[in-house]
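*Asks:*
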Amino acid sequence: MTLHAELRVHRAGFALELDLAIEPGEVVALLGPNGAGKTTALRALAGLLPGSHIRTEESTWDKLPAEKRPIGVVFQDYLLFATMSALDNVAFGLRARGTRKAEANEIARHWLAQVGLAEFAKAKPRTLSGGQAQRVALARALATSPELLLLDEPLAALDASTRLRVRSDLGRHLQHYPGHTLLVTHDPLDAMVLADRIVILEDGRVVQQGTPREVVRQPRTDYVAHLVGLNFYRGVAEGTEVRLDDGGTLTIAEPAQGPVHVVFPPSAVSLYPDKPAGSPRNTWQAIVSGIEQHAHTTRVDLAGNPAVLADITTATVAELRLQPGDTLWVSLKATEIHTYPR
Amino acid sequence: MRSRLPVVLVLPAVIGLAFLLVPLAGLLVEAPWATLPAQLFSAEVGQALRLSLLCASLATIVCLVLGVPLAWLLARSDLPGRGLLRALVTVPLVLPPVVGGVALLLVLGRRGLVGQYLDQWFGVSLPFTTAGVVLAEAFVAMPFLVISVEGAFRAADPRYEEAAATLGASRWLTFRRVTLPSVMPGVVAGTVLCWARALGEFGATITFAGNFPGKTTTMPLAVYLALETDPDAAIVLSIVLLLVSVAVLAGLRDRWIRA
Chain B
1 MTLHAELRVH
11 RAGFALELDL
21 AIEPGEVVAL
31 LGPNGAGKTT
41 ALRALAGLLP
51 GSHIRTEEST
61 WDKLPAEKRP
71 IGVVFQDYLL
81 FATMSALDNV
91 AFGLRARGTR
101 KAEANEIARH
111 WLAQVGLAEF
121 AKAKPRTLSG
131 GQAQRVALAR
141 ALATSPELLL
151 LDEPLAALDA
161 STRLRVRSDL
171 GRHLQHYPGH
181 TLLVTHDPLD
191 AMVLADRIVI
201 LEDGRVVQQG
211 TPREVVRQPR
221 TDYVAHLVGL
231 NFYRGVAEGT
241 EVRLDDGGTL
251 TIAEPAQGPV
261 HVVFPPSAVS
271 LYPDKPAGSP
281 RNTWQAIVSG
291 IEQHAHTTRV
301 DLAGNPAVLA
311 DITTATVAEL
321 RLQPGDTLWV
331 SLKATEIHTY
341 PR
Chain G
1 MRSRLPVVLV
11 LPAVIGLAFL
21 LVPLAGLLVE
31 APWATLPAQL
41 FSAEVGQALR
51 LSLLCASLAT
61 IVCLVLGVPL
71 AWLLARSDLP
81 GRGLLRALVT
91 VPLVLPPVVG
101 GVALLLVLGR
111 RGLVGQYLDQ
121 WFGVSLPFTT
131 AGVVLAEAFV
141 AMPFLVISVE
151 GAFRAADPRY
161 EEAAATLGAS
171 RWLTFRRVTL
181 PSVMPGVVAG
191 TVLCWARALG
201 EFGATITFAG
211 NFPGKTTTMP
221 LAVYLALETD
231 PDAAIVLSIV
241 LLLVSVAVLA
251 GLRDRWIRA
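The listed protein sequences derive, respectively, from chains B and G.
Numbering-wise, the first sequence is residues 1 to 342 according to UniProt numbering.
Numbering-wise, the second sequence is residues 1 to 259 according to UniProt numbering.
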């Protein structure tokens with residue numbers, strides 16, 4: 001059954017208003033910048049904060065304190081109990097809910113084996129690596145077969161190399177988990193890889209939701225556009241002309257009408273020292289305001305009408321002898337620009 | 001060499017060190033080593049030692065049973081006036097123990113505020129009994145335990161308790177299985193301090209429980225008594241107390257001295 005949650009948390013200077021519906025087996029990612037209210041939402045769902053109204057077709061959880069809710073939580077820094085072995089950590093939830101010791105240990109052992117840590121049953125948490133601790137935390141959360149699994153930045157505490165492997169392991173476990181999953185993260189990659197649906201939260205409100213594919217292709221706020229790495233504008237279209245709200249016009253290939261969002265990738269932008277020849281392109285003058293080296297490209301931040309981000313090759317950087325303050329010509333093919341209604 | 005140590009600091013430092021150590025050394029020098037074994041195993045010393053160990057241990061148990069929950073309350077609850085309560089709990093730390101003994105007499109004495117009802121209804125009278133010794137020692141020693149354990153509770157991350165709650169654990173189970181084990185070093189340190197303080201208790205004990213050999217004469221009281229009649233016995237008893245103190249220090253060395 002679908003799980004419906006209405007979260008209303010009010011604190012001084014902050015209000016969270018979030019409605020969520022999660023299908024069984026579905027992984028919903030709650031993505032947003034720091035301070036958007038993601039952790040508040042997770043704590044309200046877990047019953048650690050008042051203000052959640054949660055119902056499934058069978059029951060409502062409104063009055064239930066955390067210890068009575070059928071939930072499992074993986075905390076950001078795992079919060080494994082340091083005085084207990086890995087096995088006792090995983091068995092703790094079962095024991096607390098009244099399962100007999102022998103049976104609880106057997107289930108816990110099964111879950112440790114599931115996450116590939118069967119031989120670490122007796123290990124104390126502080127002897128485990130970050131990735132292993134994360135897997136014990138996942139096993140502990142799943143051992144009680146919760147209806148709702150809450151993951152709070154489950155990969156944030158890991159270093160880059162472990163992260164990749166732990167992320168794919170986590171994805172595999174989430175695929176097999178039949179309950180409802182809410183993943184809280186500020187990392188777009190976690191959300192894209194792990195979630196079936198992404199809910200984007202800014203200032204306590206949902207600003208966009210959709211499948212990872214929809215979110216990547218059609219961002220609706222500057223924050224989302226920045227996350228997915230696109231140039232993003234609001235404008236009004238008239239045929240193949242878009243007048244941008246913040247100044248400038250762009251020529252597009254596919255005609256459109258009315259208020260639209262406009263996106264194109266920084267890699268579609270070319271830079272020239274002189275006005276380029278050829279007409280089907282958008283060209284305008286802009287001033288270099290920042291240069292940043294990425295792995296294989298250089299990102300140039302340009303102030304102009306409109307302002308734009310361009311990804312160019314290191315060879316081009318050398319050729320142009322780019323310096324902040326330089327004036328350049330920006331050129332952009334109409335076919336690279338994607339518009340969609342606001 | 002950076003510079004020579006200034007004499008204005010070194011001289012008082014050396015005198016201070018000598019002031020602390022020479023009396024202890026004197027105790028060892030003056031000890032009647034020849035008769036020491038006989039003294040040590042004499043009836044009076046044995047009796048006082050047994051009574052001391054028993055009373056200090058019982059007082060420590062009382063302090064643990066009452067003090068750990070009190071420390072938890074002070075550290076974790078949002079009681080109004082918690083700061084004031086914390087200050088009040090520490091009063092016996094700075095109060096002269098004799099005053100503590102007088103206060104106990106006033107409340108628990110046969111005509112005391114509470115004592116008169118204990119006497120009327122249950123026929124229980126606490127002053128000048130072994131139970132009175134335990135009470136007097138617990139009164140003086142409990143703040144040491146509470147302070148130590150409260151600090152440990154406050155240092156413990158409450159998010160572990162939240163994690164336990166999300167796993168279905170009640171507050172009591174969480175306290176027993178998660179919180180208490182995590183503050184165990186603090187509880188152990190507090191217990192040792194509390195026990196040592198109870199063992200050395202003199203003022204409150206002699207005021208509230210009097211000095212009856214075999215019943216209320218603990219080691220410190222015995223030392224005081226013996227000094228008038230048998231100074232050698234006083235030295236032997238003192239050495240025993242000194243050894244116990246050193247043992248306590250050794251037990252706490254990791255937590256207190258190296259830090």
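Backbone N, C-alpha and C fix where the C-beta goes; we use that ideal spot for every residue, glycine too.
Only a predicted model underlies this, so the values are computations on that prediction, with no experimental measurement involved.
Do residue 367 of chain B and B/Val330 have their CB atoms nearer than 8 Å?
*Replies:* Residue 367 of chain B is absent from the model: chain B starts at 1 and stops at 342.
*Asks:* Quick one, which residues of the region 65–86 of chain G are near chain B if we go by CB-CB under 7 Å, in chain order?
*Replies:* So the list is empty, because no residue satisfies the distance condition.
*Asks:* Which residues in chain G have a C-beta closer than 7 Å to the C-beta of B/Glu67? List them in chain order.
*Replies:* Ordered by position in chain G, the residues that pass the 7 Å Cβ test against B/Glu67 are Ala165, Gly168, Ala169 and Ser170.
*Asks:* In whole angstroms, what is the alpha-carbon distance linking B/Ala277 and B/Ala160?
*Replies:* Distance between the alpha carbons of B/Ala277 and B/Ala160: 45 Å.
*Asks:* Opposite B/Asp152 in the DSSP bridges: which residues?
*Replies:* Answer is B/Val184, bridged to B/Asp152.
*Asks:* Check whether chain G comes within 8 Å of B/Ala96, counting only Cβ atoms and requiring the distance to be less than that.
*Replies:* Yes, B/Ala96 counts as interfacial toward chain G.
*Asks:* Leaving out five residues before and five after B/Arg165 in sequence, what residues of the same chain have Cβ atoms less than 8 Å from its Cβ?
*Replies:* Hits under 8 Å: Gly131.
*Asks:* Determine the DSSP secondary structure at B/Gly278, reduced to helix, strand or coil.
*Replies:* Note: B/Gly278 maps to coil in three-state DSSP.
*Asks:* Note down, in chain order, each residue of its chain lying with its Cβ closer than 8 Å to the Cβ of B/Ala44, except the 5 sequence neighbours on either side.
*Replies:* Closer than 8 Å at the Cβ level, and outside the excluded window around B/Ala44, lie Leu7, Val9, Leu16, Pro50, Gly51 and Ser52.
*Asks:* Any residues in the region 17–47 of chain B with a beta carbon nearer than 9 Å to a beta carbon of chain G? Which ones, in chain order?
*Replies:* So the close ones are Arg43, Ala46 and Gly47.
*Asks:* Exposed or buried, what is B/Lys63 when buried is set at 16 or more other beta-carbons lying within 10 Å of its beta-carbon?
*Replies:* Looking at its Cβ environment, which holds fewer than 16 other Cβ atoms inside 10 Å, B/Lys63 is exposed.
*Asks:* Measure the CB-CB distance between G/Val62 and G/Val134 and report whether it falls below 8 Å.
*Replies:* Taking 8 Å as the Cβ cut-off, G/Val62 and G/Val134 qualify as a contacting pair.
*Asks:* Less than 8 Å between the C-beta atoms of G/Glu137 and G/Ala87, yes or no?
*Replies:* No, they are not a contact pair.
*Asks:* Reducing DSSP to helix, strand and coil, say where B/Lys68 ends up.
*Replies:* Helix, per DSSP.
*Asks:* Can you give me the Cβ contacts of B/Gln114 inside the same chain, cut-off strictly under 7 Å, excluding the 5 residues immediately before and after it?
*Replies:* Hits under 7 Å: Ala139.
*Asks:* Quick check: the Cα distance between G/Gly101 and G/Leu93, rounded to an integer number of angstroms?
*Replies:* Whole-angstrom Cα-Cα distance: 13 Å.
*Asks:* Counting C-beta neighbours from all protein chains within 10 Å, is the total for B/His180 16 or more, i.e. buried, or is it exposed?
*Replies:* Counting Cβ neighbours within 10 Å, B/His180 comes out buried, since at least 16 surround it.
*Asks:* To which residues of the same chain is G/Pro32 closer than 8 Å at the C-beta, ignoring the five residues directly before and after it?
*Replies:* Excluding sequence neighbours, G/Pro32 sits near Gln39, Asp232, Ile235 and Val236.
*Asks:* Count the other C-beta atoms from every protein chain shown that fall within 10 angstroms of the C-beta of B/Arg163, then say buried if there are 16 or more, exposed otherwise.
*Replies:* That one is buried.
*Asks:* For B/Tyr233, count neighbouring C-beta atoms within 10 Å of its own C-beta (all shown protein chains included) and say buried if the count is 16 or more, exposed if not.
*Replies:* Answer is buried; the Cβ neighbour count reaches 16.
*Asks:* Check each residue of the region 75–96 of chain B: if its Cβ is closer than 7 Å to any Cβ of chain G, include it; give the result in chain order.
*Replies:* Within the region 75–96 of chain B, the residues whose Cβ lies closer than 7 Å to some Cβ of chain G are Phe75, Leu79, Phe81, Ala82, Thr83, Phe92, Gly93 and Ala96, listed in chain order.
*Asks:* Tell me whether the beta-carbon of G/Leu108 lies closer than 8 Å to the beta-carbon of G/Val114.
*Replies:* Their beta carbons are under 8 Å apart, which means G/Leu108 touches G/Val114 by this criterion.
*Asks:* Could you tell me the distance, in whole angstroms, from the CA atom of G/Val187 to the CA atom of B/Asn89?
*Replies:* Distance between the alpha carbons of G/Val187 and B/Asn89: 23 Å.
*Asks:* When DSSP builds the beta bridges, which residues end up paired with G/Val89?
*Replies:* Bridge partners of G/Val89: none, in fact.
*Asks:* Please work out which residues of its chain come closer than 7 Å, Cβ to Cβ, to G/Ala75, disregarding the five sequence neighbours upstream and downstream, and give them in chain order.
*Replies:* Cβ neighbours of G/Ala75 beyond the five flanking positions: Glu150, Phe153 and Arg154.
*Asks:* Going by other Cβ atoms of all chains shown within 10 Å of its Cβ, with 16 needed for buried, is G/Ile15 buried or exposed?
*Replies:* Label assigned to G/Ile15: exposed.
*Asks:* Note down the Cα distance separating B/Gly304 from B/Asp326, rounded to an integer number of angstroms.
*Replies:* Their Cα atoms are separated by approximately 12 Å.
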